[in-house]
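> Just passing along the structure, written as structure tokens.
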Amino acid sequence: MAFHKTKDGLKGIGQEIRVWSYSNCEEVELIVNGRSQGRKEMPRNSHLEWKVKYEPGYIELRGYNAGQLVATDRQESTGKAVTIRLKSDREKIKADNHDVSQVTVEIIDKKGRMVPTANNQITLKKSLETAEAMGYKSCMSKAYTGLGLTYLGLRKINEAKKMHKESLKIESELNSREGMARQHFNLGVLYNEQGDIKTAKESMAKAYILYQDIGKPEMAEYIQKRIEELNFPPD
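Here's what the structure looks like:
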């Protein structure tokens, strides 16, 4: 579907707009707020077009093969952009310097609907220092039609451990207790990945104490839960 129902950029209700459809179905039907605007035969290697009057609500395209409904695409009028939603194409990736996950960034309204007019600046921050953006030199970019895309990879665990130990040494020399806490936690995660539960708990316990000392109870509570998971891993 090459048009959306969000009003930003339009003159107002009643303005004539064009709705385009690209499909590999034999026929496509356009529905506007429950009213059919007609079913058309899909031309090969081209698109279909309807001219309709803008009104808030929803539009839906229905694809048919041999007269049977086989696909739908629906878009609704949305509210203002309020937050973002991340969607990964996989749950796990290997820490081997090669495997990557494709992460889609969606800018959504308060009802969880993607806002197609949003072009906000997006800044991504790594929560674990073994993670890195693959092939991009900046962690900032503008959304396009409410969407963004990034690729995330993981370094090999031994390389990551070496890096965090070096970072911990630097944070210690700078007397940055928050930085030390962060590195202890990241090391704990890596030790856990390697199956060294004892060392993982020791590293996380150091992070827990540091976060308590610097007045960040929410981080300390989060780490405490992670330590409990190490004591009683899920089945």
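So for the sequence shown, UniProt numbering puts the first residue at 1; every next one is plus one.
Don't be surprised by glycine CBs; every beta carbon is placed ideally from N, CA and C.
1. Buried or exposed, going by whether 16 or more other CB atoms sit within 10 Å of the CB of K137?
2. Could you give the distance in angstroms between the alpha-carbon of W106 and the alpha-carbon of V100?
3. Assign I17 to one of three DSSP states: helix, strand, or coil.
4. So, for R18: in the same chain, excluding its five sequence neighbours on each side, which residues have a beta-carbon less than 6 Å away from its beta-carbon?
5. Taking the straight line between their C-alpha atoms, what separation do you get for G148 and Q212?
6. Terminal residues of the continuous beta strand (DSSP E) containing S36?
7. In whole angstroms, what separates the C-alpha of L69 from that of E29?
8. Span of the beta strand (DSSP E) holding E76?
9. According to DSSP, simplified to helix, strand and coil, what is I108?
10. Could you pull the DSSP bridge partners for L61 from this structure?
11. Nearest to A118 by CA position, among G79, G67, L86, is which residue?
12. Over the uninterrupted beta strand (DSSP E) stretch that includes S88, give me the two end residues.
13. Relative to the C-alpha of S23, which residue among N45, G12, E16 is closest?
14. Helix, strand or coil: which one does DSSP assign to T199?
15. If distances are taken between C-alpha atoms only, which option among I108, K92, K110 comes closest to Q102?
16. Considering only residues of the same chain and omitting the five flanking positions on each side of I214, which have a CB-CB separation below 8 Å?
17. From which residue to which residue does the alpha helix (DSSP H) around E193 run?
18. Mind reading off the beta-carbon distance from M42 to E60? Whole number of angstroms is fine, and I expect it under 8 Å.
19. On the DSSP bridge list, what partners appear for G148?
20. Measuring straight from C-alpha to C-alpha, what distance separates G9 and Y54?
21. With distances taken from CA atoms, which of N192, M163, K111 is nearest Q183?
22. What residue range does the beta strand (DSSP E) around I122 cover?
23. Throw me the rounded Cβ distance for the L190 and K169 pair, which I believe falls under 8 Å.
On the basis of the supplied data:
1. Interpretation of K137 is limited by its pLDDT of 47, a score under 50 that renders its predicted location unreliable; the figure taken from the coordinates is listed afterwards. Looking at its Cβ environment, which holds fewer than 16 other Cβ atoms inside 10 Å, K137 is exposed.
2. The identity of residue 106 in the sequence shown is Glu, whereas the question assumes Trp. Going from the Cα of E106 to the Cα of V100 covers about 19 Å.
3. In the three-state scheme derived from DSSP, where H, G and I count as helix and E and B as strand, I17 is classed as strand.
4. If you ignore the 5 residues before and after R18, its C-beta comes within less than 6 Å of the C-beta of E49, K51, all in its own chain and listed in chain order.
5. The straight-line gap from Cα to Cα measures roughly 36 Å.
6. Where S36 is concerned, the enclosing beta strand (DSSP E) stretches over 35-41.
7. Each residue's alpha carbon lies about 10 Å from the other.
8. Unbroken beta strand (DSSP E) run through E76: 68-76.
9. In the structure shown, I108 sits in a strand (DSSP, three-state: E or B).
10. DSSP, once it has assigned bridges, lists L30, D73 as partnering L61.
11. Of the candidates G79, G67, L86, the one whose C-alpha sits nearest the C-alpha of A118 is G79.
12. Run containing S88: 83-88, per the beta strand (DSSP E) assignment.
13. The option with the nearest alpha carbon to S23 is N45.
14. T199 falls in the helix class under three-state DSSP.
15. In this structure, K92 is the residue among I108, K92, K110 with its C-alpha nearest to the C-alpha of Q102.
16. Once the five neighbours on either side are set aside, the close Cβ partners of I214 are R177, E178, A181.
17. Unbroken alpha helix (DSSP H) run through E193: 177-193.
18. Incorrect: roughly 16 Å between the Cβ atoms, too far for contact.
19. DSSP links G148 through a beta bridge to V105.
20. The predicted model places G9 with a pLDDT of 48, which falls under 50 and marks its position as unreliable; any figure quoted below should be read in that light. Cα to Cα, the separation comes out at about 12 Å.
21. Among N192, M163, K111, the Cα nearest to that of Q183 is on M163.
22. Its beta strand (DSSP E) spans residues 121-123.
23. L190 to K169, Cβ: 16 Å. No contact.
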